[in-house]
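Reading through the structure tokens given below for one structure.
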Amino acid sequence: MWIYLVRHAQSEANAGILGAPIDCELTPLGRRQAEATGEWLVRATLDVILASPYIRALESASAIHRATGVPFEAYPPIHEHHIEPFPTVWPLLGRDALTTRFPHLHVPDEFIDTGWHNPPETDAMTLARMGRALDLIRARFASDPEHDFRRICLVSHGSPTGKMIMAFQGITTIEADIRIENASISVLQDVPGKRIVWGTNWVDHLPERTW
5 MWIYLVRHAQ SEANAGILGA PIDCELTPLG RRQAEATGEW LVRATLDVIL ASPYIRALES
65 ASAIHRATGV PFEAYPPIHE HHIEPFPTVW PLLGRDALTT RFPHLHVPDE FIDTGWHNPP
125 ETDAMTLARM GRALDLIRAR FASDPEHDFR RICLVSHGSP TGKMIMAFQG ITTIEADIRI
185 ENASISVLQD VPGKRIVWGT NWVDHLPERT W
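With my numbering, you'll find the sequence shown wraps up at 215, consecutive numbering, no jumps.
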């Protein structure tokens, strides 16, 4: 099984736009980055795209979907890492709003509109969550890993993406972290008896960088 990890492209919060909401959108640069990421991923011959149900991740996943024609799905286990609690009003889109805004998005039957995560969350909690997300993905897509060549794209956020790479390598404690740039691509391969990290934080496909 191949896993292509993508951090969402530049968001309004990443750009430091004053008043950007928790569930913010991509910037114009972010949209260009997302399109370039989708064009690069055409060569990966993906089977499915799983995306965090945040607007910035779904906008990035939509660009990959348009470029590749691959179906994409809202996937809560790879949601954003928040170190502060949410406000009293749930800040994310529910099923109806998601399907209206993203007509080609598949929202699983088990998706619930609110309460599917409850910050604050520590680094250690996020690392453990991403380990569980990997287990769920293996259970769903790699029931016969010796013959399963499925290629999955996960569109998530900076901290969760770095911690998924750590969890993939069997790291269970936070002693260091992995920096992940906007619209970067990391490639993992899960084969019988071996886990291979082919590369992390690739950004050469991006037309413009912000550092």
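Think of the CB as a built atom: it goes at the ideal place given N, C-alpha and C, for glycine as much as any other residue.
- Scanning its chain for C-beta atoms nearer than 6 Å, with the 5 sequence neighbours on each side dropped, one finds around glutamate 39 the residues Ala67, in chain order.
- Taking all protein chains in view, the Cβ of proline 81 is crowded by 16 or more other Cβ atoms within 10 Å, so the residue is classified as buried.
- By the Cβ criterion, the segment 180-193 is not in contact with the segment 79-96, since fewer than three pairs of Cβ atoms, one from each stretch, lie closer than 8 Å.
- In the three-state reduction of the DSSP assignment, serine 190 falls in the strand class, which pools E and B.
- The residues Leu30, Gly34, Gln37, Ala38, Ser64, Asn186 and Ala187, in chain order, have a CB closer than 6 Å to that of alanine 13 in the same chain once the five nearest residues on each side in sequence are set aside.
- By the criterion of at least three beta-carbon pairs nearer than 8 Å, the segment 113-131 is not in contact with the segment 192-209.
- Arginine 154 and tryptophan 120 have their C-alpha atoms spaced approximately 27 Å apart.
- Here DSSP, grouped into helix, strand and coil, assigns alanine 61 to helix.
- Between the C-alpha atoms of lysine 198 and methionine 134 there is a straight-line separation of about 19 Å.
- Assignment of isoleucine 87 by DSSP, reduced to helix, strand and coil, places it in the coil class.
- Within the same chain, Arg155 come within 7 Å of threonine 49 by CB-CB distance, once the 5 residues on both sides are set aside.
- Counting only the Cα atoms, proline 107 lies some 25 Å from alanine 137.
- By the neighbour-count criterion, in which a residue is buried when 16 or more other Cβ atoms sit within 10 angstroms of its Cβ, leucine 102 is buried.
- Looking at Asp27, Gly20, Trp6 and Met5, the one whose alpha-carbon comes closest to that of histidine 161 is Asp27.
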